[in-house]
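Notes to accompany the following structure.
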Amino acid sequence: MVDTNFSNPLTDCSENCFNNDDPENKDPASKKKVKAVALLSGGLDSNLAVRMIKEQNIEVEAVAIKTPFCDFDCGKGCGHKVMEVSSELDIKLKTVYLGKEYLTMLKNPKHGYGSGMNPCIDCRKMMYDEAKKHMENIGADFLITGEVLHQRPMSQNSNALSIIEKESGMEGKVLRPLSAKILPKTEPEKKGLVDRSLLGSIQGRSRKGQLHLANNFGIADPPNSAGGCLLTDPQFSKRIRDLMKYSISEPSINDVELLKLGRHFRFNDYAKLIVGRNQGENELLLSLALNSDYLIQTIDTPGPISILRISGSRPDLRKHKKLLLYSIGITLRYSDVLPEKNCKVKVTNSMSRTNKIMSSLPFSIVEVEKYRI
Ligand code: SF4
-13 MVDTNFSNPL TDCSENCFNN DDPENKDPAS KKKVKAVALL SGGLDSNLAV
37 RMIKEQNIEV EAVAIKTPFC DFDCGKGCGH KVMEVSSELD IKLKTVYLGK
87 EYLTMLKNPK HGYGSGMNPC IDCRKMMYDE AKKHMENIGA DFLITGEVLH
137 QRPMSQNSNA LSIIEKESGM EGKVLRPLSA KILPKTEPEK KGLVDRSLLG
187 SIQGRSRKGQ LHLANNFGIA DPPNSAGGCL LTDPQFSKRI RDLMKYSISE
237 PSINDVELLK LGRHFRFNDY AKLIVGRNQG ENELLLSLAL NSDYLIQTID
287 TPGPISILRI SGSRPDLRKH KKLLLYSIGI TLRYSDVLPE KNCKVKVTNS
337 MSRTNKIMSS LPFSIVEVEK YRI
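If you want it as structure tokens, here you go:
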């Protein structure tokens, strides 16, 4: 059994003992196997939480959530990580993608945003809702998460944790093994399904407690905590704020995917430009371009690919000429063309079957910065 009393060696017997008066505890053979669902990411905390509960001979199944901004609650490239972690832990895994419904929530989150555009309380509530569905499907007794009290300012303080629980109808049913001893007793602890004395009392942003536990569990090379949510990134937050402000209708997943690439410029309420930063981004931009988008490519000089996206209006070269000239000027700024040299570009649009050569001077850096998001 792993020692979890690294940060609070004092234990309280009245809280820690199993309820030995419970007739079910006296006859283990007659006991239904206790089951829990875990919200799993590829990070360390939820991994430890699952290990602590499995050690108590409790069956655990996991749910991993992906949103347009966060890969399985764990940042870029962790989609595979969460699969690896679940197989290492030898637990079943259900993956859930929150797409459109997440964007709808993001436009107007009930509990607002954190330091960026991160709606952590509403986001966690959606995750709890998915975990709850899985709990009901498999007849699990409670939910476990890798949350650590006071680790994250918006969603991991006592008040936020209790709001999230309450709003997802999970009051008392969410056990956070890493911090359990400094949180109110949960239903599974009160019922004697879980031994509280074996749970942790970690709090705050330091990783010391988790690393100690990881060492006790023999985890070589422990991963970082889950992170990497784009909505906490200040630069990305500017882009998503701009998208929310100017979208006529609900933003699409395609709109969000575009935000992850290139340099972004806004001309007015309905027109924006995205300029690729390298070959890889140019190719991705081509794959994300809609039929209604104008594509701009340099002809004689190496340069980026740009997308001019105009909302709520059919492509019309004459009507959009000024916006196209701005777009060409900015695109050329990032090409190899000399500052004073007029240069040709190809402008295409699938919807209107446009395929035209246009030319312009590159914008100066001052002009470019006027439009940058
Ligand atoms: S940082 Fe906040 S918004 Fe982002 S995934 Fe975590 S809880 Fe959700």
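Just so you know, we're using the working numbering here: the sequence shown kicks off at -13 and counts up by one. Virtual Cβ for every residue (Gly too), placed ideally from N, Cα, C. If you're wondering where the values come from, they're calculated on a predicted model, not measured in any experiment.
Between the ligand SF4 and the CB of Ser141, the shortest heavy atom gap is smaller than 6 Å. For Thr317, the uninterrupted alpha helix (DSSP H) segment begins and ends at 307 to 319. Going by DSSP, Leu245 is part of the alpha helix (DSSP H) stretching over 239 to 245.
With a threshold of 16 other beta carbon atoms within 10 Å, Met337 falls short and is exposed.
If you check the CB distance, Ile291 and Gly262 come in under 7 Å. Inclusion of Cys215 in the 6 Å shell around the ligand SF4 follows from its C-beta lying nearer than that to a non-hydrogen atom of the ligand. When C-alpha distances from Thr317 are compared across Ser350, Ser27, Gly29, the shortest belongs to Ser350. Counting the other Cβ atoms within 10 Å of the Cβ of Asp31 gives 16 or more, which makes it buried. In this structure, DSSP gives Tyr357 a helical state, which the three-state scheme calls helix.
When Asp127, Asp76, Ile314, Val23 are compared, the shortest CA-CA separation from Glu353 is found for Ile314.
In terms of side-chain proximity, the C-beta atom of Arg110 is found nearer than 6 Å to a non-hydrogen atom of the ligand SF4. Note on Ala206: under 16 other CB atoms within 10 angstroms of its CB, so exposed under the neighbour-count rule. Minimum Cα-Cα distance from Asn143 among the listed residues Met121, Leu169, Pro237, Lys246 corresponds to Leu169. Boundaries for Arg138: no alpha helix (DSSP H) harbours it, and the DSSP string shows neither H nor E there. The closest heavy atom of the ligand SF4 lies 6 Å or more from the beta carbon of Thr81.
DSSP places Val49 inside the beta strand (DSSP E), whose first and last residues are 45 to 52. Of the heavy atoms belonging to the ligand SF4, none sits nearer than 6 Å to the Cβ of Thr131. The beta carbons of Pro301 and Tyr280 sit about 7 Å from each other, so the pair counts as a contact at 8 Å. Taking all protein chains in view, the Cβ of Ile150 is crowded by 16 or more other Cβ atoms within 10 Å, so the residue is classified as buried. When C-beta atoms of the region 23 to 41 are compared with those of the region 88 to 101, fewer than three pairs fall below 8 Å, so the two segments do not count as touching.
Exclusion of the five residues before and after Ala257 leaves Ile296, Leu309 as the residues of its chain whose Cβ lies within less than 6 Å of its Cβ. With respect to the 7 Å criterion, Met38 and Pro163 are classified as neighbours on the basis of their beta carbons. In the DSSP secondary-structure assignment, Cys106 is not bridged to any residue. Measuring C-alpha to C-alpha distances from Ala166 to each of Ser233, Asn240, Leu34, Ser223 identifies Leu34 as the nearest. In the structure shown, the three-state DSSP call for His198 is helix. Within the chosen limit of 6 Å, the ligand SF4 does not reach the beta carbon of Thr90 with any heavy atom.
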